[in-house]
């Protein structure tokens, strides 16, 4: 999905051709009636076409050529509105086509049960049902969504995530979920199917990206009701104006009433057709931007909720910190030398491939210039870390070096007749209280000192949280660390609050408390134990690498499984709301300008006093109507790129954002129509199209 992220939708000829074709197909009454404002334009286009035919037959409402011009422009207005929606749908349909092309029916090795794995039955993937067990070998495609119940293997998920690097999937833990259509590239897996045909993750993904299952959100429905109400008011006003013009013409005897054609054009120009034509495109484009960020939203409601979120619950590991503790200091005890401690710690870490072990090797090199040495050259025996001993180390030249948890090393040292001093215990406690992790190093039963490991806060994360604070969003760090450690990291990262020693129950309770206070809460999760909290949160982003339970509980799935994606999702949601609000403001401001363009010119013959309002100095009533209705159609096309790309988002307060948008889109929505309508009027007059 990432391959189209930076590609202009207008640069794709196939996408443009599809959008143009769909624009015509959407002229069906069944499609048009779904958008009441544009349906009014559709009916008006039909009405003016009928009036044109009647004019040719001698029943004249206005000059046939003028009526035809109005009718053609109204039909183009319908087409432009359809094109805005079709071009927004275009990228989603292209993504869906690519996904369909990568998906194929495969033969699956189905087994009756775990203890009868040798009894393999080859079936089509479409015959698999929820609860079935299948074995997938290296080089084979996973036939359906499921959970790994046995085995561990590298899986190529590029068909979904766009990332070529394989990921590890294994039974147990939070990385057991697999997706149909991905490929096992090493070893083997036994998978329990979790979805029936047509209900899998890929099927949902295709339906969402092509817009087939998109439903209008509550905010969108509310805005549409408002637009319909405005349109009804304008229909009543237009009907009343026709009655007044008819009455005045009878009273004056020589003045003809305003034509139905002109009043239809007036109705369309005053109705909020601009936002009515772009409303659906804005929503579809918002979902498309989320898809481009490699996030699958299960509903448009979730995107809008992301725009209104004011509380973010963020996991510490991988989101706020790098996720790997790094060696920060060598602290000798009991008279030991710091270089001696660094040398022993490095020797015990030479064969330790964990990030912590590698960081100890690097720190010893940086502080004392101690180069990494080869285990083979030293003829050393590496002692690996185990859950039972909670230590690792090395046996070299008859000497034993161990590093590990304080209590484990204490037991090891005292078991050899050594002592674990008060100084060492105090050092361990101080490091832990400061938010670090102490690793005690001992050599031949003597404690040399402590290596302080520190959770490294990501660069720039403090600034990000400051930006969120400007937007009125409260950030809360969730961690399993003790309160002292959590407080230290929270202060360094600049979060507003933290939840230490977090349990599933504690997360759920915190979300409920904030929601009870009127807040909208967003959080991320990947494990089965996160599912209750994800289900409760207003915006719940499940990691694609996580369990099936987490995916089903969330209303979004991050295909990249990046914990920091939540911040980007909130920005996309706010951008969607800003774009809709800005274009609504611009559309309504346009109506004010079009009022001054048409009303005075149209009724000056009946009410000469209205000439004072003809501040544009338009040539005639016909040129005023034509100019306004041409502008009304063209502005839809002009605003399509903005509707698709979205209004530029800035991290400022809601009040400042509102005032800025009112200035740009409110004032701009009044000034631009005045200039454009006058320019079109002058062009029509200069070319002789209006006499």
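Numbering (the working numbering), first residue to last: 408 to 1098. C-beta: ideal position from N, C-alpha, C; glycine also. Predicted model, so just to flag it, every value in this text is computed and none were measured.
Three-state class that DSSP yields for residue i in the structure shown
i, result
"residue 932", "strand"
"residue 554", "strand"
"residue 513", "coil"
"residue 904", "strand"
"residue 942", "helix"
"residue 1029", "helix"
"residue 809", "strand"
"residue 881", "strand"
"residue 406", "Since the displayed the chain opens at 408 and closes at 1098, residue 406 lies outside it and no answer follows."
"residue 1049", "helix"
"residue 1087", "helix"
"residue 950", "strand"
"residue 679", "coil"
"residue 599", "strand"
"residue 814", "helix"
"residue 589", "coil"
"residue 744", "coil"
"residue 1054", "coil"
"residue 983", "helix"
"residue 389", "Beyond the ends of the chain as shown, which are 408 and 1098, falls residue 389; an answer cannot be given."
"residue 826", "coil"
"residue 955", "helix"
"residue 1096", "coil"
"residue 988", "helix"
"residue 479", "helix"
"residue 1059", "coil"
Cβ pair residue i, residue j closer than 8 Å
i, j, result
"residue 980", "residue 710", "yes"
"residue 1001", "residue 1080", "yes"
"residue 597", "residue 558", "yes"
"residue 992", "residue 1068", "yes"
"residue 1034", "residue 1004", "yes"
"residue 729", "residue 865", "yes"
"residue 881", "residue 903", "yes"
"residue 634", "residue 588", "no"
"residue 818", "residue 847", "no"
"residue 945", "residue 712", "yes"
"residue 423", "residue 705", "no"
"residue 669", "residue 1028", "yes"
"residue 474", "residue 468", "yes"
"residue 455", "residue 1042", "no"
"residue 518", "residue 541", "yes"
"residue 591", "residue 545", "yes"
"residue 951", "residue 965", "yes"
"residue 673", "residue 491", "no"
"residue 718", "residue 976", "no"
"residue 1147", "residue 1092", "Examination of residue 1147 is not possible in this model, given that the chain is present from 408 through 1098 alone."
"residue 844", "residue 732", "yes"
"residue 1010", "residue 665", "yes"
"residue 925", "residue 949", "no"
DSSP beta-bridge partners of residue i
i, result
"residue 635", "Residue 635 is not bridged to any residue."
"residue 561", "575"
"residue 737", "858"
"residue 838", "None; residue 838 has no bridge partner."
"residue 845", "859"
"residue 1036", "Paired residues: none, contrary to the question."
"residue 897", "Paired residue(s): none; residue 897 is not in a bridge."
"residue 1106", "Coverage of the chain is limited to positions 408 through 1098, which leaves residue 1106 absent and any answer about it impossible."
"residue 540", "518 and 599"
"residue 548", "590"
"residue 964", "703 and 949"
"residue 864", "728"
"residue 523", "The partner list for residue 523 (beta bridge, DSSP) is empty, contrary to what the question assumes."
"residue 850", "808 and 853"
Inset, instruction - Write down every uninterrupted run of the beta strand (DSSP E) in the stretch 748-807 whose length is 3 residues or greater and which is fully enclosed by it, in chain order. - result: With a minimum length of 3 residues, the continuous beta strand (DSSP E) runs that stay inside the stretch 748-807 are 788-790 and 798-803.
Legend entry - the stretch 848-856 in contact with the stretch 745-753 per 3-pair CB rule at 8 Å: Yes, the stretch 848-856 touches the stretch 745-753.
Legend entry - Segment contact flag, the stretch 434-446 with the stretch 472-492, C-beta cutoff 8 Å, min 3 pairs: Yes: at least three Cβ pairs fall under 8 Å.
Legend entry - Three CB pairs or more closer than 8 Å across the stretch 682-693 and the stretch 943-963: Contact between the stretch 682-693 and the stretch 943-963 is absent: fewer than three C-beta pairs spanning the two stretches fall below 8 Å.
Inset, instruction - Evaluate contact between the stretch 913-921 and the stretch 750-763, counting only Cβ atoms and requiring at least three cross-stretch pairs below 8 Å. - result: By the Cβ rule, the stretch 913-921 does not count as touching the stretch 750-763, because fewer than three pairs are nearer than 8 Å.
Inset, instruction - Enumerate, from N- to C-terminal direction, the unbroken alpha helix (DSSP H) stretches of 4 or more residues contained entirely within the stretch 417-476. - result: Here the runs fully enclosed are 420-432, 436-439 and 443-463.
Inset, instruction - Can you check the stretch 677-733 for any alpha helix (DSSP H) of at least 4 residues that lies completely inside it and give the ranges in chain order? - result: Secondary structure remark: continuous alpha helix (DSSP H) runs of at least 4 residues inside the stretch 677-733, in chain order: 680-699 and 707-715.
Legend entry - Three or more C-beta pairs below 8 Å linking the stretch 797-804 and the stretch 827-843: Contact between the stretch 797-804 and the stretch 827-843 is absent, because fewer than three Cβ pairs lie under 8 Å.
Inset, instruction - Determine contact between the stretch 833-848 and the stretch 869-876, defined as no fewer than three beta-carbon pairs at a distance below 8 Å. - result: Judged by pairs of C-beta atoms under 8 Å, the stretch 833-848 does not touch the stretch 869-876, as fewer than three such pairs exist.
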